[in-house]
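**Student:** One structure is given below, represented as structure tokens, and several questions about it will come after.
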Amino acid sequence: MTQKTLKGLSYTALVGPALAIYAFFIIFPIFFSITLSFTKWSGLDIPKFVGLAQYREIISDPIFRHGLRNNLWIVAVSVFGQIPLGFVLAYIIYRKLVLGSSFFEAMIFFPITISAVVVAILWNQIFSPTGIVTALMRSIYKNPRYVFTMFQSETYAIFPVLFVILWMYTGTYMVIFLANLQNISPSVIESAIIDGATEGQILKLIILPSMLNIIFTTIVFAISGSLKSFDLIYAMTGGGPAHYTEVIAIYMYINTFKYYKYGFGSAVSVIIIFLSLVLITLIRSLFNRLENKYGA
-12 MTQKTLKGLS YTALVGPALA IYAFFIIFPI FFSITLSFTK WSGLDIPKFV
38 GLAQYREIIS DPIFRHGLRN NLWIVAVSVF GQIPLGFVLA YIIYRKLVLG
88 SSFFEAMIFF PITISAVVVA ILWNQIFSPT GIVTALMRSI YKNPRYVFTM
138 FQSETYAIFP VLFVILWMYT GTYMVIFLAN LQNISPSVIE SAIIDGATEG
188 QILKLIILPS MLNIIFTTIV FAISGSLKSF DLIYAMTGGG PAHYTEVIAI
238 YMYINTFKYY KYGFGSAVSV IIIFLSLVLI TLIRSLFNRL ENKYGA
């Protein structure tokens, strides 16, 4: 047996099992879901090929379009809320611009350690007619009968949920950024300070260029996580009232497991994957330009 053959067998033995598991649990379900999305199947009868009919039905469904709108709101809050806020908090702690940084780091990260169901129950109590928000608004408006009714608005019902998502997941990005900031050599920053660089110049010329790759990674996480948001929203509102807070994942779950429309649910899942790929491709293009500009 030659050295080249032995090396090939070694690679196969090491990589083969992991690749087989990945193909079985990831690749095969994706292709099966894509195939199933072109059929009408209740889970018991023989799948009936319907082509793109289910995709047309989904796109024309106002409930789906409202769910897509809510998902895009979540993407916006994640990308333009959680990530910038997480970076700012990480930078403040990294540069020790506040006393008791370890305490603040623990408190900001704490929400992500709590179960999404527990978080949903907690914030439902806060937004309830006897909750803190209602009591605060009664005090502000001097109206003892005031009731928090934002959840009854088709346009604004998702906003309290967006606030909870921002509160819960910002700590995750703060920890990611903090871990990568600590990999930057302190001597580089010390040299910049000696040369008279201001805090803003350090941030713009040293910190941000070195963080481009991790910022891109966090945006990918934010987009993929936002488009498949389910547990927190389902536990908090169930997508109600009247589908006002429904997102695509809840729409898929209800149609698949409540109405037994497995082909229809597969089509929704394919749309989620397609949206993720489109958004991530656009972000990748943008970051390629930034890397070329800053030479990162």
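In the working numbering, the protein residues as written are -12 to 283.
Glycine is no exception: its CB is placed at the ideal position from the N, C-alpha and C atoms.
Just so it is clear, the structure is predicted and the values come from calculations on it, not from any experiment.
(1) Compare the C-alpha of Lys248 against each of Ser24, Ile267 and Ile202 and name the closest.
(2) Quick check on this structure: which residue in Ile258, Asp218, Thr205 and Phe217 has the alpha carbon closest to the alpha carbon of Ile270?
(3) DSSP beta-bridge partners for Thr26?
(4) Going by Cα to Cα distance, which pick from Phe135, Phe261, Thr(-8) and Thr243 is closest to Ile210?
(5) Compare the Cα-Cα distances from Gly68 to each of Lys245, Leu168 and Met161 and report the closest residue.
(6) Report all residues from its chain with a CB closer than 6 angstroms to the CB of Ile42; omit the five preceding and five following residues, and keep chain order.
(7) Does the contact criterion of 3 or more C-beta pairs under 8 angstroms hold for the region 190 to 203 versus the region 220 to 227?
(8) On the criterion of 16 or more Cβ atoms from any shown chain inside 10 Å, does Tyr221 qualify as buried, or is it exposed?
(9) Using the rule of at least 16 other Cβ atoms within 10 Å of the residue's Cβ for burial, across every protein chain shown, is Glu177 buried or exposed?
(10) Are there 16 or more other CB atoms within 10 angstroms of the CB of Phe51, so buried, or fewer, so exposed?
(11) Taking buried to mean at least 16 other C-beta atoms within 10 Å of its own C-beta, is Gly(-5) buried or exposed?
(12) Are the beta-carbon atoms of Leu76 and Ile101 separated by less than 7 angstroms?
**Tutor:** So, from the data block:
(1) Ser24
(2) Thr205
(3) Phe36
(4) Phe261
(5) Met161
(6) Note that residue 42 corresponds to Tyr in the displayed sequence, not to Ile. So the list reads Ala254, once near-sequence residues are dropped.
(7) no
(8) buried
(9) exposed
(10) buried
(11) exposed
(12) no
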